[in-house]
Structures are given as C-alpha cells and as structure tokens.
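Under UniProt numbering, the first residue of the sequence shown carries the number 2, and numbering increases by one thereafter. Have a look at the structure below before the remarks.
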Amino acid sequence: AKNPVRVLVTGAAGQIGYALVPMIARGAMLGLDQPVILHMLDIELAAEALNGVKMELIDAAFPLLKGVAATTDVAEACKDVNIAVMVGGFPCKEGMERKDVMPKNVLIYKAQASALEKHAAPDCKVLVVANPANTNALILKEFAPSIPGKNITCLTRLDHNRALNQISERLDVHVSNVKNVIIWGNHSSTQYPDVNCATVTTSRGKKFVREIVADDKWLNSEFITTVQQRGDAIIKARKLSSALSAASSACDHIRDWVLGTPKVENCLGTWVSMGVYSDGSYGIQEGLIYSFPVTCKKGEWSIVQGLKIDEFSRAKMDATANELAEEKSLAYSCLN
Ligand code: NDP
C-alpha cells in the first residue's frame, strides 16, 4: 500500500473548506488508491467549528483517511505536508475594495510562507485559492524562497471549467467533449477566457469551437463576460459565494498537476489553466503569477508554447497582466 500523503487545508472551517475536505478524503484529489492525512488550519475564532468538521470527518469513516489534525497553530499545521491548499484569507466584505484587504492578506501569506518554508516537506506543492489568489501566491513565493518557485500556483481551474461549460451548454454537448479553452491572467474580472484553440468532439468528429459557433459576437463578448461574472451570479442565487465548485476545481488542479493531464490527443494534447510564475512566455513579464495553458507530467507543469495570439487576445492578455502588476506593487507597498 502507498504511504499516506499529508494535505494541508487552511481556512478549513470555511465554506470552501467544508466542501473540500471530504472530497480529498474520498480520493477525488490524489486518486482512489492514495491514502491521505488531513491537516486542517483555521483561526482562533473558528476553532470550535473546525473541531466540528474534524468530528464529521471521523464519523464519515473514509477508508482512505488515515489521520486528521485540526489546529490553530500554523507551524503544527504545516509540519511535513506534501500538498498545501490555501483557502484561508481575509474576505472582501460588502463595501470593501481589494485594496482594503490587501494589507491583511499580504501579512497572512507572508507568515504562512515562512511556516511552510520551515515545516513543510521540501517538495511541497502549494495551491492558493484565497483572493487575491495570484498576488497571495506571489507573496507566498517571495517569502518561501527555499520552496521551488514551480511549486507555487493559484487556482483558475474553476474559471476554466466554467468556460468549458458555457461552450457545452451553447452547443448542447457534454462538457467532457469540450477541450482546450484557456484562462489567461488574473483570477478576477479582468481574466481572459480564450476559445481560439478550443475544440469540441461531436458525432461528426472533432472541430474547433470557432468553426461550429458561427456567432463571433457571442464568443467575443457575452461568453467572456458570463465566465467573468459567473461568481457574482452564484452569489445572487445562493446568497453565498461558490463553494462546491471551487472545492471540486481545486481537486482537479492538484490531481492533474500530480497525476498528469490527459494523454496527448493531438500534437499539443489536452491542457488546463493554472496560475503559475511567469517565465516571460507570451510576452507576459516575469515576476507575476499569471494563468497560462499548461500540461503536466510527472508532477511538473509546463506552459503550452507556440499558440498564435491575435490582436484581440493580445490586448486582453496585457490588460489582465497590467492589473497583476498593479496588485503586485500595492502588495509590496503594504510590506513597507
Ligand atoms: P470561503 O471558504 O467561501 O472562501 C475562502 C477564500 O476563497 C476567500 O478568500 C474567497 O475569496 C476565495 N475564493 C477564491 N476563488 C473563489 C471562488 N471561485 N468562489 C468562492 N471563493 C473563492 O470563505 P469563508 O469565509 O467561508 O472561509 C474562510 C475561512 O478562512 C474561515 O474559516 C476563516 O476563519 C479563515 N480565515 C483564515 C485567516 C488566516 O488564515 N489567517 C484569516 C481570515 C479568515 P472572496 O471572498 O474574495 O471571493
């Protein structure tokens, strides 16, 4: 039998955490043959609720779950973890702007970076979910210099999955037949959902989405804004932000990263979107955590190279990069 993998979930008493931990314990993140030990962290205020989540996990008697720790001590939570899913963060409440919560999150992510650096397994893989996800991940990377930069990522997979679903509904095909959309940039309303390379498999074979959806106007405007604003639509309907879909896509992100993206089905294969440290690909400045199309193999992601970028895409990719550069300088100004 495999040795258990230790998975940290921060903000584990929150609503995403509550949806996420049973998915991990059931094998949705690391596979049905991979035992796990859950490390759950939350703040003092949520300690009692966190303990309740631990009790429920125990009661669920998951065969793959070999241990559960629930703690408010960051060092203890990070001890020897192989995977860290960072969901905890100071929320942007009604009437607040991103810049109001930036100072709080910068300090949280700086402290958690140090704890991970000191206590996590040296090859720990990190996924940041809490907003502003890209910038929180960047701060984490800066303050955990001994963790390889390639191991620090942020979640844009929910946006990616939402884009696949918009196309699948429009064409009345199952979502698994739609592939290779791209989310470029920030996990914010400036993100650019791109369908220029997306394909759909129908009974008549595989085609580019742009060949089948003749309505360019829909693809170039409503499709994009629907994906960008889907989170708000869910808040309106549920009176709470998305949680089960965020949790599920966090599992998708880690699963594909660790176990690999689906095998090659054309020369470029099937890719997914991940927020990763830019190496300058596609003219995106180095030093930002930016969402790119990636394929993963043997636990490592690589950015899909050589895609043609038209003028329309270029402008949108640059706009979201500019927003990230602004967030970065705001975050750094909070450190001084
Ligand atoms: P949620 O579990 O709903 O959300 C957690 C974080 O995920 C938020 O920052 C949220 O950002 C972000 N997020 C990113 N993508 C999405 C998405 N697609 N849909 C929804 N959320 C998304 O928040 P809760 O308030 O229920 O739980 C947060 C937990 O974190 C609490 O248990 C709290 O105690 C803990 N916490 C920990 C802190 C720390 O570690 N020091 C500090 C403060 C809180 P956004 O709200 O901007 O959408």
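Positions of the beta carbon are idealized from the N, C-alpha and C atoms, including for glycine. Everything numeric in this text was worked out from a predicted model, so none of it was measured.
Own chain partners of alanine 320 with C-beta closer than 7 Å, once the 5 adjacent residues on each side are dropped: Position 319 of the sequence shown, counted from the first residue, corresponds to residue 320. Counting only Cβ-Cβ distances below 7 Å, and skipping sequence neighbours, we find Thr191.
The beta strand (DSSP E) enclosing glycine 206, as first and last residue numbers: Taking the first residue of the sequence shown as 1, we reach residue 206 at position 205. Counting along the chain, the beta strand (DSSP E) containing glycine 206 begins and ends at 206-209.
Three-state class that DSSP yields for cysteine 198 in the structure shown: The sequence position of residue 198 within the sequence shown is 197, counting from 1. It is coil, neither helix nor strand.
Where the alpha helix (DSSP H) containing glutamate 118 begins and where it ends: Walking along the sequence shown from the start, residue 118 turns up at place 117. Start and end: 99-120.
Exposure label - asparagine 4; buried when at least 16 CB within 10 Å: For the purposes of this step, residue 4 is identified with residue 3 of the sequence shown, where counting begins at 1. Asparagine 4 is classed as exposed because its beta carbon has fewer than 16 other beta carbons within 10 Å across all chains shown.
Glycine 284 CB to nearest heavy atom of the ligand NDP below 7 Å: Here residue 284 corresponds to residue number 283 of the sequence shown, with the count starting at 1. Result no, Cβ not under 7 Å from the ligand NDP.
Buried/exposed call for glutamine 306, threshold 16 Cβ in 10 Å: Taking the first residue of the sequence shown as 1, we reach residue 306 at position 305. Here glutamine 306 is exposed: its Cβ has fewer than 16 other Cβ atoms, across all protein chains shown, within 10 Å.
Rounded distance between the beta-carbons of leucine 39 and valine 22, thought under 8 Å: Within the sequence shown, the letter at position 21 stands for residue 22. Within the sequence shown, the letter at position 38 stands for residue 39. The pair is a contact, with the Cβ atoms about 6 Å apart (cut-off 8 Å).
Aspartate 216, buried or exposed, once every other Cβ within 10 Å from all chains shown has been counted against 16: Taking the sequence shown and counting its residues from 1, the one referred to as residue 216 is at position 215. Label assigned to aspartate 216: exposed.
Residues that DSSP places opposite tyrosine 278 in a beta bridge: Counting from one through the sequence shown, the residue named residue 278 turns up at place 277. In DSSP, tyrosine 278 forms a bridge with Ile290.
Cα-Cα separation, leucine 159 to lysine 119: Locating residue 159 in the sequence shown gives position 158, where the first residue counts as 1. Locating residue 119 in the sequence shown gives position 118, where the first residue counts as 1. Spanning the alpha carbons of leucine 159 and lysine 119 requires a straight line of approximately 30 Å.
CB of valine 201 within 8 Å of CB of isoleucine 183, strictly: Here residue 201 refers to the residue found at position 200 when the sequence shown is read from its first residue. Here residue 183 refers to the residue found at position 182 when the sequence shown is read from its first residue. With respect to isoleucine 183, valine 201 sits apart: the two C-beta atoms are not nearer than 8 Å.
Check: glutamine 229 C-beta below 7 Å from any heavy atom of the ligand NDP: Position 228 of the sequence shown, counted from the start, is the residue given in the question as residue 229. No; taking the cut-off as 7 Å, the Cβ of glutamine 229 has no heavy atom of the ligand NDP nearer than that.
Contact test: leucine 46 Cβ vs the ligand ADP heavy atom, cutoff 7 Å: Ligands present in the displayed structure are limited to the ligand NDP, and the ligand ADP is not among them.
Beta-ladder partner(s) of alanine 70, from DSSP: For the purposes of this step, residue 70 is taken as residue 69 along the sequence shown, with counting starting at 1. Alanine 70 pairs with His40.
Inter-residue spacing [alpha-carbon to alpha-carbon] between glycine 288 and glutamine 113: On the sequence shown, position 287 is the one that residue 288 refers to. On the sequence shown, position 112 is the one that residue 113 refers to. One Cα belongs to glycine 288, the other to glutamine 113, and the distance between them is close to 20 Å.
Rounded separation between serine 282 and isoleucine 304 - CA only: Numbered from 1 along the sequence shown, position 281 holds the residue referred to as residue 282. Numbered from 1 along the sequence shown, position 303 holds the residue referred to as residue 304. Distance between the alpha carbons of serine 282 and isoleucine 304: 8 Å.
For methionine 87, three-class secondary structure by DSSP: As a first step, residue 87 must be located in the sequence shown, where it is residue number 86. When secondary structure is reduced to three states using DSSP, methionine 87 falls in the strand class.
Proximity of serine 189 and glutamate 95 at Cβ, strictly below 8 Å: Taking the first residue of the sequence shown as 1, we reach residue 189 at position 188. Taking the first residue of the sequence shown as 1, we reach residue 95 at position 94. The beta carbons of serine 189 and glutamate 95 sit no closer together than 8 Å.
Closer than 7 Å: isoleucine 168 CB and nearest the ligand NDP heavy atom: The count along the sequence shown starts at 1 and reaches residue 168 at position 167. No, Cβ of isoleucine 168 sits at least 7 Å from all heavy atoms of the ligand NDP.
Any non-hydrogen atom of the ligand NDP closer than 7 Å to threonine 11 Cβ: By one-based count along the sequence shown, residue 11 stands at place 10. Threonine 11: yes, Cβ under 7 Å from the ligand NDP.
Element boundaries [beta strand (DSSP E), containing glutamate 301]: Locating residue 301 in the sequence shown gives position 300, where the first residue counts as 1. Looking at the DSSP string, the run of the beta strand (DSSP E) that includes glutamate 301 is 301-304.
Burial state of lysine 299 (16 or more Cβ within 10 Å): Within the sequence shown, numbered from 1, the residue matching residue 299 stands at position 298. Exposed, since its Cβ has fewer than 16 Cβ neighbours within 10 Å.
Bounding residues of the beta strand (DSSP E) (the contiguous stretch that carries isoleucine 235): As a position in the sequence shown, residue 235 is number 234, starting the count at 1. Secondary structure note for isoleucine 235: it is in no beta strand (DSSP E), and the uninterrupted alpha helix (DSSP H) holding it is 224-239.
Collapsed DSSP secondary structure at arginine 256 in the structure displayed: Indexing the sequence shown from 1 puts residue 256 at position 255. Helix, per DSSP.
Contact test: leucine 159 Cβ vs the ligand NDP heavy atom, cutoff 7 Å: Residue numbering aside, residue 159 sits at position 158 when the sequence shown is read from its first letter. Checking the Cβ of leucine 159 against the ligand NDP gives yes.
For threonine 296, the residue or residues it bridges with in DSSP: Along the sequence shown, one-based indexing puts residue 296 at 295. In DSSP, threonine 296 forms a bridge with Ser303.
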